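One structure is given below, encoded as structure tokens.
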Amino acid sequence: MPRTLREGGIRYKGLRWDSDELSRVRAYLPDSADVQVRIDPLDISVCYVYDKKREEWVEGQLIEPMQALGKTLNQWVVISRLARRLRDEKMLEREDALA
């Protein structure tokens with residue numbers, strides 16, 4: 000899927016991935032460059048960004064939120080929707096609602 004590689008990595012559905020490898024790719028791309036990204040919906044701990052210069056896929060590790068580790072993408076989407084509802088109804092902080 001197309002995503003934007005920014006300082007801080009790749010963001011998708013409230014998740015963020017980054018790594019030293021992604022920083023190296025970012026170094027020769029313009030700010031907020033569009034890249035191709037792969038995410039395994041059964042293992043969201045890693046995302047892959049296609050590096051056109053080296054013609055290979057580069058890994059980024061899940062940085063935040065750590066509550067998503069070990070979850071599938073579908074599980075994370077459900078959890079984040081419920082957490083958003085809790086934040087709105089009970090005026091909780093994001094971390095508390097996710098817990």
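For the sequence shown, my numbering begins at 0 and goes up steadily by one. C-beta: ideal position from N, C-alpha, C; glycine also. For clarity, every value in this text was computed on a predicted model and none was experimentally measured.
Q.
Quick check for students: name the residue ranges of the beta strand (DSSP E) that lie wholly in the stretch 46-98, counting only runs of 3 or more.
A. Qualifying beta strand (DSSP E) stretches, in chain order: 55-63.
Q | Three-state class that DSSP yields for proline 21 in the structure shown | A | The sequence shown places leucine at residue 21, rather than the proline named in the question. In the structure shown, leucine 21 falls within a helical segment according to DSSP collapsed to helix, strand and coil.
Q) Less than 8 angstroms separating the beta-carbons of valine 48 and leucine 21? A) Yes, the pair counts as a contact, with Cβ atoms nearer than the cut-off.
Q | Backbone CA spacing between alanine 26 and arginine 93 [nearest angstrom] | A | Their backbone Cα atoms lie some 32 angstroms apart in a straight line.
(Q) Comparing C-alpha positions only, which one of Val34, Ser18, Val24 and Asp33 sits nearest to valine 45? (A) Closest in C-alpha terms to valine 45, from the list Val34, Ser18, Val24 and Asp33, comes Ser18.
Q | Backbone CA spacing between isoleucine 99 and glutamate 88 [nearest angstrom] | A | This structure does not reach residue 99, given that the chain is present from 0 up to 98, and the question cannot be answered.
Q. Can you name, in chain order, every residue of its own chain whose Cβ lies under 6 angstroms from the Cβ of leucine 4, other than the five neighbours on each side?
A. The residues are Arg25, Ala32 and Val34.
Q.
So the candidates are Gly59, Ala96, Leu61 and Met90; which of them puts its Cα closest to the Cα of valine 77?
A. For the options Gly59, Ala96, Leu61 and Met90, the alpha carbon positioned closest to that of valine 77 is the one of Ala96.
Q) CB-CB under 8 angstroms to arginine 80, same chain, minus the five flanking residues each way: which ones, in chain order? A) Non-local C-beta neighbours of arginine 80 in its own chain, meaning closer than 8 angstroms and more than five positions away in sequence, are absent.
Q: Mind checking who leucine 28 pairs with in its DSSP beta bridge?
A: Paired residues: none, contrary to the question.
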